[in-house]
Amino acid sequence: MRAAIPSADTALSLAHIEASFRFDDVRQLAPTYQECGPETAQAILEEAGRFASDLLEPLNLQMDTQGVTLSRGRVLTAPGHREAWTAFVEAGWPTIGHRADHGGQELPLAMCLAVQELFDRACPAFGMLPVPQRSAARLIAAFASDEDSDRHLAELASGELGATICISEAGAGSDVMQMHTHAMPQDDGSWRITGEKCWISFGDHDLTDDIIHCVLARSDPPGTERPEVSLFLVPGGGAQPDSVIVRRLEEKLGLHGSPTCAVGFEAASARLLGVRGRGLAQMFVMITQMRLAVGAMGLGMAGAASDIADAYARERRQGGKPGAPVTITAHRDVQRQLMELAGRTQLLRGLTLNTANIADIALRSKNESERRDYEALLQWLLPILKTCGADAAFNNASGAIQVLGGAGYTADWPVEQILRDARVLAVFEGTSGMQALDIVHRRVLRDSAGLAVFLAIARLDGEGTPLVDALDLLDDAANRLKAGTPDDADGAAAAFLDLAMITALGWVAARFARLQRSVPGHDDMVRTAAYALDRLLPRARLAHSEVCAGAGPLKHFI
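Positions in the sequence shown are counted from 1; adding 1056 to them yields the numbering used here.
Dropping the structure here:
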C-alpha cells in the first residue's frame, strides 16, 4: 500500500495570505473581497484541505495507475474521477474564482490560488480542469458577444461546462505563425474551422455535459503571405460530434488522469471572439491566468514533496551510536536538503500570493496610474512565477527522492509520481526557454517599465538586507542587455531569467524577514528568510556573471 501525502497545514497557508504583499489593500477592491476576512478565509482553507485529503488524495494513485481511455470517440476518465468531480461541483469549488455576476463567489485571486495549491498538492491531474474553465470565462467576458456570455459564463462558473485552450499544432508549437488551422467566414456571420490541434488538456472527457474550445486559427484568405490569426469559440463534440473529433490520447510521462488530446476540427461551426486578426494578443488574457495557475500547481507539488521528505526523515533512523540509531534529521546533509525543500516551497508560496495580489490591483484599482504600473509589474513577474513553479515542483520531487533514498525511487511513496507529474510544468503554457526570451525581449529590451516598478518596490522592502546588492546586479544585467547585441541577449536569456528569479524570491525573503515571530506561522517564514538571504548574493553573482558572458560560451556549439 502506497504512503499517503500528508495533509496540508492550512493555518500556515492563511499566515502566508495575511502576510502577502498589500493583501489588506486587495481586500478593499471589491465587496466580495471585503467579505473574505481572516475567519472566512480560514474556514475556506480548512474545508478545501479536508476535501483534498478525504477525496482527492486517495484518488491520486488510481488516476495515475488507471489513467484515461478513448472509447468510440469519447474520453473516459479514471474510475472515481467523475464522482469526485460531481462532489467538487456540488460543494461549489469551481465558483470561487468567477465573478459574482456570473454566478461565482469572486474571491481574491490569492485565495483562489491558495485553494488550488491544496487541491494540486493532493491530485494535480484533477486540479487541471478548473483552470481553463476560469481562464475561458475571463476570455469570454472580455471578448464574446452578450449572447455567448449569457450562454456560457454561468455554466463555466458552476463547473457544468468544460473549456480548453487550443493553440499548438504538430508543426507549430511556440511559433503560432506556422499554424495551418484555418477559419472561413460564412454568410450568416459565423465561421467554419478546419485543422488539427494537439496537446489539448481535457480536450474531451466525461466530467461535464459539454466543452467549449477557445481556438487560435488563421482567418486570412488562402494564399496570404503573412498569416492573420484570430480567436474563435467552438462548441464541443456534444453540439457537433461530426465536426469536433478526438483523434487520439497522448501517452505521457505523468498526469495520467488528465486527458491530453489531439483534436480535429472538420468545418466546425465557430464564432469570432473579439477583433479579427487580434487573436494572439487576446489569448494572453487566458494565458495570463493559466501561467498564474502553473505557479500554484508547482507550489502544490513542491509542498507535497517537501512534507513527505520531512515526515520520512523524522522517522527514519540511520547512523549514530551502535544500538542507538538517530533519525536522519541529525545529519547535516539531510538538514541541508530539508531546509532547501522547505525554503523553496515557502518562498514560492510567497511569490505566488504576491503576484496574485498584484494581478488583482492591476485589474481592479481605481487609480489609473497604479493599474498601469501594476499591469507592467505583473507582466514582469509572470514568466518568473511560471518558471519558479516548474523548477520548484520538479526539484523538490527529485530532492525528496534523495532524502528517502531507495524508498523514494519506488512506487511505495508518492514522490516518484510527483516527479513524473511535475516535469511538464517547464514545458506547457510556454517552455522555460520561451519564458526567458519573453522576459529579455519584451520586459527588458522592448519595455522595461515592469522591471522599474519591481526594483522600486523590492528596494524598499529589502533595505538593510543583501537583496539591495542583488537588485543592483539585476539592474546592471538589464542595462548590459540593452547595450549589447541581440545575439548576446538570446545567449544570456536563461541566465537573466535565473537572476530575475533569484531576486524575486529574495524580495519574498526580505519581506518574510520583517515578520513578527510571535505570530502563528511566522516563525517558519522568518527562518526560511534567514536561510535564503544568507545565500542570496553568491547565487545572484553567479547568474550575473553568466549574463555578462552573453552568447560567448555558445561559440563551442557545433
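Heads up, the beta-carbon is just placed ideally off N, CA and C, and yes, glycines get one too.
| Terminal residues of the beta strand (DSSP E) in which Cys-1270 lies | Position 214 of the sequence shown holds residue 1270. Per DSSP, Cys-1270 belongs to the beta strand (DSSP E) from 1266-1274.
| message | On the DSSP letters alone, give me the boundaries of the alpha helix (DSSP H) that Leu-1407 sits inside. | response | Numbered from 1 along the sequence shown, position 351 holds the residue referred to as residue 1407. Looking at the DSSP string, the run of the alpha helix (DSSP H) that includes Leu-1407 is 1388-1420.
| task | Provide the residue span of the alpha helix (DSSP H) that contains Cys-1179, from first to last. | result | Here the question's residue 1179 lines up with position 123 in the sequence shown. That residue, Cys-1179, is in no alpha helix (DSSP H); it is neither H nor E in DSSP.
| request: Consult DSSP for Trp-1255 and reduce its assignment to one of helix, strand or coil. | output: On the sequence shown, residue 1255 is found 199 positions in, with the first residue counted as 1. Trp-1255: strand per DSSP, three-state reduction.
| request: Below 6 Å CB to CB, which residues in the same chain sit around Leu-1126 once its five sequence neighbours on both sides are set aside? | output: Residue mapping note: residue 1126 aligns to position 70 of the sequence shown, counting from 1. Excluding residues within five positions, the ones whose Cβ falls inside 6 Å are Leu-1305.
| task | Identify the continuous beta strand (DSSP E) that holds Val-1483 and give its terminal residues. | result | Taking the first residue of the sequence shown as 1, we reach residue 1483 at position 427. Val-1483 -> no beta strand (DSSP E), and no H or E assigned at all.
| said: Can you tell me whether Arg-1567 is buried or exposed? The criterion is at least 16 other CB atoms within 10 Å of its CB, across all chains shown. | reply: Translated into the one-based positions of the sequence shown, residue 1567 becomes position 511. The residue is buried, with at least 16 neighbouring Cβ atoms inside 10 Å.
| From Leu-1209 to Ala-1349, what does the alpha carbon distance come to, in whole angstroms? | The residue labelled residue 1209 in the question sits at position 153 within the sequence shown. The residue labelled residue 1349 in the question sits at position 293 within the sequence shown. Roughly 20 Å between the two C-alpha positions.
| said: Between which residues of its own chain and Pro-1278 is the CB-CB distance below 8 Å, once the five residues before and five after are set aside? | reply: Residue 1278 sits at position 222 when you count from the first residue of the sequence shown. In chain order, His-1238 place their CB closer than 8 Å to the CB of Pro-1278, counting only its own chain and leaving out the 5 sequence neighbours on each side.
| message | Rounded to whole angstroms, what is the Cα-Cα separation between Ala-1086 and Leu-1101? | response | The residue you call residue 1086 lines up with position 30 of the sequence shown. The residue you call residue 1101 lines up with position 45 of the sequence shown. Going from the Cα of Ala-1086 to the Cα of Leu-1101 covers about 20 Å.
| said: Beta-carbon within less than 6 Å of Gly-1406's beta-carbon, same chain only, minus the 5 sequence neighbours each way: which residues are those? | reply: Counting from one through the sequence shown, the residue named residue 1406 turns up at place 350. Cβ within range, chain order: Val-1564.
| field | For Ala-1326, the residue or residues it bridges with in DSSP | value | Looking up residue 1326 in the sequence shown gives position 270. DSSP output for Ala-1326 lists Trp-1247 as bridge partner(s).
| In whole angstroms, what is the alpha-carbon distance linking Ile-1440 and Ala-1478? | On the sequence shown, position 384 is the one that residue 1440 refers to. On the sequence shown, position 422 is the one that residue 1478 refers to. Their backbone Cα atoms lie some 17 Å apart in a straight line.
| field | Straight-line gap, Gly-1251 to Gly-1335 (C-alpha atoms, nearest Å) | value | On the sequence shown, residue 1251 is found 195 positions in, with the first residue counted as 1. On the sequence shown, residue 1335 is found 279 positions in, with the first residue counted as 1. Spanning the two alpha carbons is a distance of roughly 16 Å.
| Can you name the start and end residues of the alpha helix (DSSP H) that Phe-1107 belongs to? | Against the sequence shown, residue 1107 aligns to sequence position 51. That run of the alpha helix (DSSP H) goes 1094-1107.
| said: On the DSSP letters alone, give me the boundaries of the alpha helix (DSSP H) that Ile-1513 sits inside. | reply: Residue 1513 sits at position 457 when you count from the first residue of the sequence shown. 1505-1517 is the extent of the alpha helix (DSSP H) around Ile-1513.
| request: Can you tell me which of the three DSSP states Ser-1574 falls into? | output: By one-based count along the sequence shown, residue 1574 stands at place 518. Three-state DSSP puts Ser-1574 in coil, outside helix and strand.
| task | For Gly-1218, write down the residues that DSSP places opposite it in a beta bridge. | result | Locating residue 1218 in the sequence shown gives position 162, counting from the first residue. BP columns for Gly-1218 point to Ile-1267.
| field | Same chain only: Cβ atoms within 6 Å of Gly-1562, ignoring 5 sequence neighbours per side | value | Here the question's residue 1562 lines up with position 506 in the sequence shown. Result list for Gly-1562: Leu-1523, Ala-1526, Leu-1592, in chain order.
| message | I'd like the list of long-range same chain contacts for Asp-1579, defined as Cβ closer than 8 Å, with 5 residues on each side in sequence excluded. | response | The residue given as residue 1579 occupies position 523 in the sequence shown. Cβ neighbours of Asp-1579 beyond the five flanking positions: Arg-1573.
| task | Taking Lys-1377 as part of the beta strand (DSSP E), name the residues at either end of that continuous run. | result | Here the question's residue 1377 lines up with position 321 in the sequence shown. Here the beta strand (DSSP E) through Lys-1377 covers 1373-1377.
| request: Could you check how far apart the C-beta atoms of Asp-1262 and Thr-1133 are, in whole angstroms? I think they sit under 8 Å. | output: Here residue 1262 refers to the residue found at position 206 of the sequence shown. Here residue 1133 refers to the residue found at position 77 of the sequence shown. The pair is a contact, with the Cβ atoms about 6 Å apart (cut-off 8 Å).
| task | In the DSSP assignment, find the unbroken beta strand (DSSP E) run with Thr-1125 in it and report its ends. | result | Position 69 of the sequence shown, counted from the first residue, corresponds to residue 1125. Taken as a continuous stretch (DSSP letters only), the beta strand (DSSP E) holding Thr-1125 covers 1125-1127.
| If you draw a straight line from the alpha carbon of Arg-1177 to that of Gln-1242, how long is it in whole angstroms? | As a first step, residue 1177 is located in the sequence shown; it is residue number 121 there, counting from the start. As a first step, residue 1242 is located in the sequence shown; it is residue number 186 there, counting from the start. Approximately 46 Å between the Cα atoms of the pair.
| query | Are the CB atoms of Arg-1347 and Lys-1442 nearer to each other than 8 Å? | reply | Position 291 of the sequence shown holds residue 1347. Position 386 of the sequence shown holds residue 1442. Their beta carbons are under 8 Å apart, which means Arg-1347 touches Lys-1442 by this criterion.
| query | Which first and last residues belong to the alpha helix (DSSP H) in which Arg-1190 is found? | reply | Numbered from 1 along the sequence shown, position 134 holds the residue referred to as residue 1190. Looking at the DSSP string, the run of the alpha helix (DSSP H) that includes Arg-1190 is 1186-1199.
| said: So if DSSP puts Val-1131 in a beta bridge, which residue, or which two residues, is it bridged to? | reply: Sequence index remark: in the sequence shown, residue 1131 carries index 75 (1-based). Answer is Leu-1126.
| query | Hey, would you say Thr-1401 sits closer than 8 Å to Asn-1452, going by beta carbons? | reply | Taking the first residue of the sequence shown as position 1, residue 1401 is located at position 345. Taking the first residue of the sequence shown as position 1, residue 1452 is located at position 396. Yes, these two residues count as a Cβ contact at 8 Å.
| CB contact flag (Asn-1410, Val-1082, <8 Å) | Within the sequence shown, the letter at position 354 stands for residue 1410. Within the sequence shown, the letter at position 26 stands for residue 1082. Result no, Cβ atoms of Asn-1410 and Val-1082 do not sit closer than 8 Å.
| message | Taking the alpha carbon of Pro-1164 as the reference point, which residue from His-1154, Glu-1173, His-1158 has its own alpha carbon closest? | response | Numbered from its first residue, the sequence shown carries residue 1164 at position 108. Comparing Cα-Cα distances from Pro-1164 to each of His-1154, Glu-1173, His-1158, the minimum goes to His-1154.
| field | Secondary structure of Arg-1536, DSSP reduced to three states | value | What you label residue 1536 is simply residue 480 of the sequence shown in a count that begins at 1. Here Arg-1536 sits in helix by DSSP.
| message | Checking 8 Å against the spacing of the C-beta atoms, do Met-1184 and Ser-1257 come in under that value? | response | For the purposes of this step, residue 1184 is taken as the residue at position 128 of the sequence shown. For the purposes of this step, residue 1257 is taken as the residue at position 201 of the sequence shown. In this structure, Ser-1257 lies closer than 8 Å to Met-1184 by Cβ.
| query | The alpha helix (DSSP H) spanning Pro-1439 covers which residue range? | reply | As a working note, residue 1439 is residue 383 in the sequence shown. It spans 1424-1460 - the alpha helix (DSSP H) in which Pro-1439 sits, taken as one unbroken run.
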